[in-house]
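**Q**
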Amino acid sequence: MAPTTNLPNRSRTDEAVPDADPSDTTALLQERLQAWKHMTAYLEDYIGEVAKDEKSSAKEKEKILKTVSQPLKEGHHFDQNLGGIAGLFENIRSNTQAQSNLHLETSKNLTGSVLPILERLHTEIKNKTKELNSGAAKGSKAVDKARNESQKHIELLGQYTAMVDSTGGHVDARNDPYVIQRGIRHRLNKQILEENNNRQDLLSVQDSFKQFEAHLIATVQNALNSFNQLMGGQADRQKVMYSDIAGTAQKIPSDFEWNGFVHRNSDKMIDPNTPPRSMANVTFPNRGHPATKPLIEGSLERKSRALGKLGGYSASYYAVTPAGYLHEFKDDDDFREDPSPKVSLYLPDCTVGALDGVKFMLRGKDISGGRLGSKLATTSEFTFKAHTQSDVVQWHGIIMQQAGKYTDSAPVSPVETRTQQPAQIDTRVGQEQGIVGGKQSATSEKMTSPQSGNTALTPTGPGSHFQTKPAMNTLEERKYVNL
Numbered sequence: 028m029a030p031t032t033n034l035p036n037r038s039r040t041d042e043a044v045p046d047a048d049p050s051d052t053t054a055l056l057q058e059r060l061q062a063w064k065h066m067t068a069y070l071e072d073y074i075g076e077v078a079k080d081e082k083s084s085a086k087e088k089e090k091i092l093k094t095v096s097q098p099l100k101e102g103h104h105f106d107q108n109l110g111g112i113a114g115l116f117e118n119i120r121s122n123t124q125a126q127s128n129l130h131l132e133t134s135k136n137l138t139g140s141v142l143p144i145l146e147r148l149h150t151e152i153k154n155k156t157k158e159l160n161s162g163a164a165k166g167s168k169a170v171d172k173a174r175n176e177s178q179k180h181i182e183l184l185g186q187y188t189a190m191v192d193s194t195g196g197h198v199d200a201r202n203d204p205y206v207i208q209r210g211i212r213h214r215l216n217k218q219i220l221e222e223n224n225n226r227q228d229l230l231s232v233q234d235s236f237k238q239f240e241a242h243l244i245a246t247v248q249n250a251l252n253s254f255n256q257l258m259g260g261q262a263d264r265q266k267v268m269y270s271d272i273a274g275t276a277q278k279i280p281s282d283f284e285w286n287g288f289v290h291r292n293s294d295k296m297i298d299p300n301t302p303p304r305s306m307a308n309v310t311f312p313n314r315g316h317p318a319t320k321p322l323i324e325g326s327l328e329r330k331s332r333a334l335g336k337l338g339g340y341s342a343s344y345y346a347v348t349p350a351g352y353l354h355e356f357k358d359d360d361d362f363r364e365d366p367s368p369k370v371s372l373y374l375p376d377c378t379v380g381a382l383d384g385v386k387f388m389l390r391g392k393d394i395s396g397g398r399l400g401s402k403l404a405t406t407s408e409f410t411f412k413a414h415t416q417s418d419v420v421q422w423h424g425i426i427m428q429q430a431g432k433y434t435d436s437a438p439v440s441p442v443e444t445r446t447q448q449p450a451q452i453d454t455r456v457g458q459e460q461g462i463v464g465g466k467q468s469a470t471s472e473k474m475t476s477p478q479s480g481n482t483a484l485t486p487t488g489p490g491s492h493f494q495t496k497p498a499m500n501t502l503e504e505r506k507y508v509n510l
């Protein structure tokens, strides 16, 4: 009896999208079932031709030999050493060559009792093939689809991290490397779940094959044992031949072919001792790139602008990224759903109010809707509240730094190109609100518009909402007040 073969413990790969094809194991097992099916067909043909030969002369014996004269299909799946299936068929060929006439009664017994055993076995192998195709094979296709999604977003991260490096952070909100990386983690988590589910399915199928093949061999042994009993009434020479055939089949250990198969294909079989994959060990290109690391992130509360929630605050997860965005997310969970920003403010295009306790205000456009949505977006005020005084100082300082990052030259939104001159925009914002580049002007409490000469915006106190006076007459002033 051949010793039980253990699969080698191959080295694990922590690549985000492994090179190994999840369908290799399924294809190998499908091919093996084909080999068993053809083996059963060989036996069916053999017994059928023996039954026919009982009604004919010794001259027809050559037909029987032809049914087993060719090598087994997928013969490389069977151990070529003595003691296995290949040896059994070699034994059948040599004994069949010397057989003579068979009687009609024997033909009837063969077709009525032995052949049905092999036909049922043939049907079981077909059902096993359908079971494999409907289960593990579909799981392999799901793994392939999930891996393609992960690879596409990993390549997208490489493209936009390179753009951040070359342009200094000017990318649109949807393609912010921080957001893309979170999307990759979401897809990798889904991919790994598919891989582990498919792996578990394949392990179950793989384990069941050993028992199934033991059943196959036991059934073949039973069929050939019945065959031997039927042929026992023939001449001594025939009895010796058939006894030799059945004896050869009986000597095959139930795990002989399986152990040899596992040993020959150890590089494709799944090692049950290999632990499942984990997100903690997965790596992908540009993971941890500076553009993917937020300057600050955490929980803030934002005042609701919905009609039914006037005055109320709701908590969300926020991040300020090196690309100059303040993104709002539902939470910091990248796995449950795709972490697309609910709100995205491009800070160099925003006006930052002063601190008011643990509150501060931003005025700008939400450009989370992409290129078309950003064109339709209007300027709005966003009021935020931190949990502690030290938190609000840290958030406000970093936001001020990002908002004032391009004060020497006009900030250019990645989504929408400004039509006015940068100097005019910065001057008007600074004069109307007393804030330039995120910092409050120290000139006076009331400022005069350079276009109308009338009194513009007057802050009522640190961090308070801006109020307007009715002296604004120009189109730009009226438009700014209406916002």
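According to my numbering, the sequence shown is numbered sequentially starting from 28. Just so you know, even glycine gets a beta-carbon here, dropped at the ideal spot from N, CA and C. The model shown is predicted, which means the values in this text are computed figures rather than measured ones.
(1) Enumerate, from N- to C-terminal direction, the unbroken beta strand (DSSP E) stretches of 3 or more residues contained entirely within the stretch 246–312.
(2) Between the C-alpha atoms of residue 288 and residue 195, what's the straight-line distance to the nearest angstrom?
(3) Around the C-beta of residue 391, are 16 or more other C-beta atoms found within 10 angstroms, so that it is buried, or is it exposed?
(4) For residue 52, tell me which candidate among 300, 397, 295 and 364 has the shortest Cα-Cα distance.
(5) Can you tell me whether residue 363 is helix, strand or coil according to DSSP?
(6) Helix, strand or coil for residue 354 per DSSP?
(7) Decide if the stretch 222–232 is in contact with the stretch 201–211; the criterion is three or more beta carbon pairs, one per stretch, under 8 angstroms apart.
(8) Any contact of the stretch 64–76 with the stretch 307–317, i.e. 3+ C-beta pairs under 8 angstroms?
(9) Specify the secondary structure class of residue 379 as computed by DSSP and reduced to three states.
(10) For residue 52, which of helix, strand or coil comes out of DSSP?
(11) Whose C-beta lies closer than 6 angstroms to the C-beta of residue 62 among residues of the same chain, with five residues either side of it excluded?
(12) Rounded to the nearest angstrom, what separates residue 81 and residue 146 at their Cα positions?
(13) What is the rounded straight-line gap between the Cα of residue 256 and the Cα of residue 174?
(14) May I have the straight-line CA-CA distance separating residue 383 from residue 358, to the nearest angstrom?
(15) Can you look up residue 407 in the DSSP assignment and give me helix, strand or coil?
(16) Given residue 317, which residues of its chain have a CB within under 8 angstroms of its CB, disregarding the five upstream and five downstream residues?
(17) In the DSSP assignment, what are the bridge partners of residue 345?
(18) Counting along the chain, where does the alpha helix (DSSP H) carrying residue 387 start and finish?
(19) How many angstroms separate the CA atom of residue 308 from the CA atom of residue 212?
(20) In the structure shown, what three-state DSSP assignment does residue 176 receive?
(21) By a C-beta neighbour count over all protein chains shown, 10 Å radius and 16 as the cutoff for buried, is residue 180 buried or exposed?
(22) Could you give the residue range of the beta strand (DSSP E) that holds residue 8?
(23) CB-CB under 7 angstroms to residue 423, same chain, minus the five flanking residues each way: which ones, in chain order?
(24) Straight-line CA distance for residue 134 to residue 297?
(25) Determine the DSSP secondary structure at residue 81, reduced to helix, strand or coil.
(26) Considering only their Cβ atoms, is the gap separating residue 345 from residue 373 smaller than 7 angstroms?
(27) In the DSSP assignment, find the alpha helix (DSSP H) that holds residue 418 and state where it starts and stops.
(28) Please work out which residues of its chain come closer than 8 angstroms, Cβ to Cβ, to residue 330, disregarding the five sequence neighbours upstream and downstream, and give them in chain order.
(29) Starting from the Cα of residue 66, find the closest Cα among 304, 354, 44 and 148 and give me that residue.
**A** In short, the structure shows the following:
(1) none
(2) Here residue 288 refers to the residue found at position 261 of the sequence shown. Here residue 195 refers to the residue found at position 168 of the sequence shown. The alpha-carbon atoms of residue 288 and residue 195 are separated by roughly 58 angstroms.
(3) Residue numbering aside, residue 391 sits at position 364 when the sequence shown is read from its first letter. By the 10 Å Cβ count, residue 391 comes out buried.
(4) If you number the sequence shown from 1, residue 52 lands on position 25. Residue 52 has its Cα closest to that of 295, out of 300, 397, 295 and 364.
(5) Locating residue 363 in the sequence shown gives position 336, counting from the first residue. Residue state, collapsed to three classes: coil.
(6) Position 327 of the sequence shown, counting from 1, holds the residue named residue 354. In the structure shown, residue 354 sits in a strand (DSSP, three-state: E or B).
(7) no
(8) no
(9) Position 352 of the sequence shown, counting from 1, holds the residue named residue 379. Note: residue 379 maps to strand in three-state DSSP.
(10) Walking along the sequence shown from the start, residue 52 turns up at place 25. Of the three classes helix, strand and coil, the one that applies to residue 52 here is helix, per DSSP.
(11) Along the sequence shown, one-based indexing puts residue 62 at 35. Excluding residues within five positions, the ones whose Cβ falls inside 6 angstroms are 101 and 104.
(12) Your numbering for residue 81 matches position 54 in the sequence shown. Your numbering for residue 146 matches position 119 in the sequence shown. Using only the alpha carbons, I get a separation of about 20 angstroms.
(13) In the sequence shown, residue 256 corresponds to position 229, counting from 1. In the sequence shown, residue 174 corresponds to position 147, counting from 1. Computed Cα separation, rounded: 56 angstroms.
(14) Position 356 of the sequence shown, counting from 1, holds the residue named residue 383. Position 331 of the sequence shown, counting from 1, holds the residue named residue 358. When rounded, the distance between both Cα atoms is 25 angstroms.
(15) Here residue 407 is taken as the residue at index 380 of the sequence shown, counted from 1. Strand, per DSSP.
(16) Here residue 317 refers to the residue found at position 290 when the sequence shown is read from its first residue. Answer for residue 317: 349, listed in chain order.
(17) The sequence position of residue 345 within the sequence shown is 318, counting from 1. Its beta-bridge partners are 325 and 355.
(18) By 1-based counting over the sequence shown, the position of residue 387 is 360. It is not in any alpha helix (DSSP H) - residue 387 instead sits in the beta strand (DSSP E) that spans 386–391.
(19) Within the sequence shown, the letter at position 281 stands for residue 308. Within the sequence shown, the letter at position 185 stands for residue 212. C-alpha separation (whole angstroms): 12 angstroms.
(20) Mapped onto the sequence shown, residue 176 falls at position 149. Three-state DSSP puts residue 176 in a helix.
(21) By one-based count along the sequence shown, residue 180 stands at place 153. By the neighbour-count rule (16 or more Cβ atoms within 10 Å), residue 180 is buried.
(22) Past the boundaries of the shown model lies residue 8; the chain is included only from 28 to 510, so the question cannot be answered.
(23) Here the question's residue 423 lines up with position 396 in the sequence shown. The residues are 382 and 387.
(24) To locate residue 134, count along the sequence shown from 1; it is residue 107. To locate residue 297, count along the sequence shown from 1; it is residue 270. Each residue's alpha carbon lies about 46 angstroms from the other.
(25) Within the sequence shown, the letter at position 54 stands for residue 81. Residue 81: coil per DSSP, three-state reduction.
(26) As a working mapping, residue 373 is identified with position 346 in the sequence shown. As a working mapping, residue 345 is identified with position 318 in the sequence shown. For residue 373 and residue 345, no; Cβs fall outside 7 angstroms.
(27) Taking the sequence shown and counting its residues from 1, one reaches residue 418 at position 391. Where residue 418 is concerned, the enclosing alpha helix (DSSP H) stretches over 416–430.
(28) Taking the sequence shown and counting its residues from 1, one reaches residue 330 at position 303. Exclusion of the five residues before and after residue 330 leaves 338, 339, 340, 409, 410, 411 and 412 as the residues of its chain whose Cβ lies within less than 8 angstroms of its Cβ.
(29) Position 39 of the sequence shown, counted from the first residue, corresponds to residue 66. Among 304, 354, 44 and 148, the Cα nearest to that of residue 66 is on 148.
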